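Structure first, then comments.
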Amino acid sequence: MKWQNTYVSKSLQCNLFFMRIMKEHLYFIRNATNKKEKFLINKNLQLSERAREIFCRTIYLSNGHIHKNTIKYGEFITPYTLKCEIKSMKYNRDLIDINLTKAQYMILKKNYVEEYIPLKCEDDIEHEVERLNCEVLKFLKEVIYFKEFIYKKFIDCKIFFNIYPSLLHHVKMEAEFYRKLVLNLEHNKHCKESMLKKEKLLFWNHIMEEHGGFISGLLDRNERKLINKSEEFAKKYHRLEYKMKHEKNCLEKNIRDSLKLTKDFRGFKQEATEGILCCKIRGIIDPLLSDHVLREANHFIRILEEIK
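When you line the sequence shown up against the UniProt record's numbering, it's residues 1 to 308, in that order.
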């Protein structure tokens with residue numbers, strides 16, 4: 001089977017998930033940037049175009065190389081992604097290449113096995129994935145620098161964004177983690193993954209904790225019930241993170257607890273996404289952001305299911 005090459009399949013899965021995330025980060029940052037900051041907007045557009053090109057290449061290479069057991073989690077795309085993109089574009093008057101989403105829907109729905117045009121041999125696809133990962137690492141170096149630059153400028157009150165400084169730091173952390181994953185894949189091509197379970201668990205629990213805080217802060221104050229739920233999720237993740245850092249021999253229990261909590265949080269995010277799309281929830285949450293955090297919860301659930 002095509003996905004038996006672990007290096008190829010894991011690289012493509014990683015890039016298929018994270019490159020969409022990176023592309024959306026730049027979209028959110030751009031729409032939060034003061035229009036007079038022409039240099040930052042132009043730099044953002046340049047990086048966004050590179051992200052689009054890399055993502056397009058990843059979709060093409062993923063054709064027939066993503067296992068159906070991975071697809072089912074909904075980390076690459078959800079039933080709401082296209083609707084959220086269209087609605088987000090309507091609000092922001094900023095273009096998103098929805099053709100990439102449509103192509104991804106088609107590929108993941110059929111996994112394109114019957115229409116897949118294979119490269120000459122397994123060495124060809126491995127070589128193409130090596131090139132892709134190299135391109136991703138170059139891109140991430142630039143995007144991390146860009147995020148770090150605007151974050152520092154923002155907290156020094158030298159520029160203004162319609163976004164929380166902590167959210168800028170959050171997206172920079174995700175880019176750094178993505179870079180670490182790709183480097184790990186390149187350094188351990190034919191070996192078992194070297195990243196520890198605990199490291200992944202700590203990272204994603206922290207990301208989920210911050211999601212709880214961000215969602216709470218972006219909801220209208222009259223959405224008291226949803227605000228309380230969101231803050232409660234943040235507190236629960238914080239407690240899990242504390243236990244992992246300070247208690248010994250609790251990894252397996254933390255994995256089980258994280259899985260249960262994240263499934264609950266995923267349900268909350270899914271309901272919120274539906275509510276935002278149907279205009280039933282008041283707040284300043286970009287529709288695409290709601291789908292974005294839902295996919296990250298789905299991704300974490302898949303990781304937890306694999307390591308439990």
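Note that CB positions come from ideal geometry on N, CA and C, so glycine has one too. In this text, all values refer to a predicted model and were calculated from it rather than measured experimentally.
Cβ separation of L132 and R57, assumed to be a contact under 8 Å, to the nearest whole Å: 6 Å
6 Å Cβ shell around residue 311 - same chain, five flanking residues per side excluded: The first residue shown for the chain is 1 and the last is 308, placing residue 311 beyond what the model contains.
Helix, strand or coil at T33 [DSSP, three-state]: strand
Buried or exposed (CB count within 10 angstroms, at least 16 for buried), S166: exposed
Given T81 as reference, the closest of R282, K235, L289 and L40 once Cα atoms are compared: L289
Cβ shell of I98 (< 7 Å), same chain only, five flanking positions each side left out: L82, E85 and I86
Reduced DSSP secondary structure (H/G/I, E/B, other) of G283: strand
From T33, N254 and L277, residue whose alpha carbon lies closest to that of E305: N254
F161, DSSP secondary structure in three states: strand
Rounded separation between I21 and C250 - CA only: 31 Å
Selected residue, minimal CA-CA separation from E232, among G283, T262, N222 and F203: T262
Q13 burial status per 10 Å Cβ neighbour count (16 or more: buried): buried
Sub-8 Å separation of E223 and I163 beta-carbons: no
Inter-stretch contact (C-beta, 8 Å, three-pair minimum) for the stretch 34-50 and the stretch 60-77: no
Assigned secondary structure, L219 (DSSP; H/G/I helix, E/B strand, else coil): strand
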